[in-house]
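The block underneath contains the structure these notes are about, expressed in structure tokens.
Protein chains: 2
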Amino acid sequence: MVEKSASLQEGDAAPQTRIQRAKRRQILEAGLTVFSEAGFRGATLDRIAGEAGLSKPNLLYYYPSKEAIYEALLRDLLATWLHPLQAIDPKGEPVEEILAYVERKLQMSRDFPRESRLFANEIVQGAPRIMPALEGELRDLVDTLAKVIKGWIAAGRLAPVDPHHLLFSVWSLTQHYADFDVQVRAVLNEDDPFPGAEIHLDTLFRRLLTP
Amino acid sequence: MVEKSASLQEGDAAPQTRIQRAKRRQILEAGLTVFSEAGFRGATLDRIAGEAGLSKPNLLYYYPSKEAIYEALLRDLLATWLHPLQAIDPKGEPVEEILAYVERKLQMSRDFPRESRLFANEIVQGAPRIMPALEGELRDLVDTLAKVIKGWIAAGRLAPVDPHHLLFSVWSLTQHYADFDVQVRAVLNEDDPFPGAEIHLDTLFRRLLTP
DNA sequence: CGTTCTTTTGACCGATTGGTCAAATCGGAA
DNA sequence: TTCCGATTTGACCAATCGGTCAAAAGAACG
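Each protein sequence line maps, in turn, to chains A and B. The first sequence runs 1 to 211 under the UniProt record's numbering. The second sequence runs 1 to 211 under the UniProt record's numbering.
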């Protein structure tokens with residue numbers, strides 16, 4: 001147990017005790033709550049520290065700055081957020097593959113609304129810190145999938161649609177229920193919008209995509 | 001030239017000279033730019049003042065506080081924002097009425113992206129200042145239109161869809177192109193996403209709604 | 001017990017922010 | 001011109017913010 005902490009950033013191995021890992025998780029959990037509610041600039045270290053049950057200097061002992069917490073969150077969550085997209089199977093039945101993707105995304109809006117709002121805040125304000133990932137990882141993933149969709153359409157197994165705009169539609173329709181939750185609930189009569197949303201989106205995409 | 005204007009605002013009479021009105025418009029214009037980029041908390045009076053070409057105390061001579069500017073903006077823009085909805089004609093041809101509404105909303109995303117982002121910022125962060133309007137004006141408008149749509153469906157002139165979720169779909173799909181503009185452009189190959197978006201959304205809603 | 005490393009904290013700092021105020025300046029009517 | 005209200009501004013203030021630091025408090029181990 002000599003080299004306790006060499007370089008604790010990404011890239012290198014980051015040897016951490018179980019306590020350190022637990023505290024960092026606490027901090028990221030608190031950061032997720034606060035950043036998703038208030039955006040980067042609206043969040044304060046005091047609130048994050050309070051939410052995590054730590055003092056402000058103690059929080060800064062584990063993460064060197066507010067930015068470090070925010071960027072750690074963005075980095076960690078991007079993979080999770082993109083996962084449903086990667087799970088689409090090019091060998092599957094096209095319409096059902098996309099409908100399943102829509103349902104997975106909708107489930108994420110229901111189960112992880114903070115994550116959705118974190119990205120929404122970031123992107124609405126110009127994506128100042130996640131732009132590289134958008135133009136890199138995301139774009140590559142999207143381009144790959146666009147080709148798959150084009151193949152499906154060429155084979156007559158999917159109604160002709162612009163693949164990119166199809167993906168935008170999936171994102172906006174599903175994430176709307178997390179990001180604009182308060183508006184949805186203010187306008188809707190029911191308490192839980194998701195049962196209705198699931199049926200609606202299934203219908204919508206089925207009609208759009210069935211050849 | 002005493003009583004220039006009687007009561008153009010809500011509440012009390014607010015007599016204003018032409019100069020006052022012009023400066024206030026400058027300030028609201030600058031405020032729209034800054035608030036839509038940074039959200040309420042991210043915006044600073046200095047930036048708004050700079051954008052408006054005024055000193056900070058001078059700005060505060062026309063509006064008593066940062067909140068006052070922000071709320072004036074929200075209040076003034078809500079009507080504009082809701083206008084395309086009110087323009088739906090219950091006596092019209094159902095599918096075409098809704099398609100026209102979609103196109104109007106998409107045009108607004110293209111022509112007034114700042115306004116769209118202003119609301120997006122507000123709502124993503126819990127709509128702390130516009131909630132009453134959501135539960136009042138907006139909800140009433142939506143409920144009225146929901147009945148019209150239900151009537152259309154009952155008459156077999158529109159495919160059966162949940163009216164509320166239909167409206168959510170219109171909002172999310174159209175506003176996405178304004179609010180998540182940077183993401184759309186980062187992923188897309190074209191420069192201007194709107195021509196493609198218009199075709200796509202027309203197809204999408206036509207297939208969804210045609211009985 | 002003492003020693004050494006890790007963790008926690010109170011006190012503090014400089015920068016920024018929203019907002020105030022008194023004084024200066026402007027602009028038009030007489 | 002003079003006068004008077006409307007407008008503009010530099011100087012300033014209190015609160016808040018992100019972040020530092022030295023010292024205290026634990027923990028681990030012999």
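All residues carry an ideal CB built from backbone N, CA and C; glycine is no exception. Bear in mind the structure is a predicted one, so any value in this text is a computation, not a measurement.
Between R117/B and S36/B the beta-carbon gap is near 4 Å, inside 8 Å, which marks them as a contact.
When the five nearest sequence neighbours on each side are left out, the beta carbons in the same chain lying within less than 7 Å of the beta carbon of L59/A are those of I27, L45, I48, A49 and A52, in order along the chain. L99/B is not a Cβ neighbour of A133/B, given a cutoff of 7 Å. T80/B sits in a helix when the DSSP states are folded into three classes. Comparing alpha-carbon positions, the option among R18/B, H164/B, E122/B and E96/B lying closest to N189/A turns out to be H164/B. Q20/B: member of the alpha helix (DSSP H) spanning R18 to G42, first to last residue. One thing to note: V182/B has its Cβ within 7 Å of the Cβ of A127/A.
In the three-state reduction of the DSSP assignment, E190/A falls in the coil class, being assigned neither a helical nor a strand state.
Taking 8 Å as the upper bound for CB-CB distance, L141/B and Q86/B are in contact here, some 7 Å apart. Rounded to the nearest whole angstrom, the C-alpha separation of T80/B and E135/B is 18 Å. Along the region 178 to 200 of chain B, the positions whose C-beta sits under 7 Å from a C-beta of chain A are D179, F180, V182, Q183, V184, A186, V187, L188, G196, A197 and H200, read in chain order.
Under the three-state reduction of DSSP output, P163/A falls in the helix class. If you draw a straight line from the Cα of R104/B to the Cα of H200/B, it comes to about 15 Å. Judged by beta-carbon spacing, G196/A lies within the 7 Å limit of D162/B, meaning their Cβ atoms are closer than that value. Scanning chain A for C-beta atoms nearer than 7 Å to the C-beta of H83/B yields nothing, as the closest lies near 17 Å away.
Across the structure, G31/B and T203/B are spaced so that their CA atoms are roughly 37 Å apart. Ranked by how close their Cα comes to the Cα of A155/B, the residues V124/B, V95/B and R24/B have V95/B in first place. A159/B places its beta carbon 7 Å or farther from that of L106/B. If you draw a 10 Å sphere on the C-beta of E97/A, you find 16 or more other C-beta atoms in it, and that means buried. With a 10 Å radius around the Cβ and a threshold of 16 neighbouring Cβ atoms, S65/A comes out exposed. Between Y101/A and I88/A, the C-beta gap is smaller than 7 Å, which places the two residues in contact. DSSP places G151/A in the uninterrupted alpha helix (DSSP H) bounded by R139 to A154.
If you look at P90/A, you'll find it isn't in any alpha helix (DSSP H); DSSP assigns it neither H nor E. For E37/B, the neighbours in chain A by C-beta distance under 7 Å run, in chain order, Q125 and G126.
P84/B places its beta carbon 7 Å or farther from that of V148/B. Among the residues of chain B, none has a CB under 7 Å from the CB of E51/A; the nearest is roughly 16 Å distant. Counting only residues of its own chain and dropping the five nearest sequence neighbours on each side, E122/A has a CB closer than 6 Å to the CB of I130.
G92/B sits away from R41/A, with the two beta carbons spaced by 7 Å or more. The Cβ of G42/B sits closer than 7 Å to at least one Cβ of chain A.
Per the coordinates, the alpha-carbon of V124/A lies some 31 Å from the alpha-carbon of R21/A.
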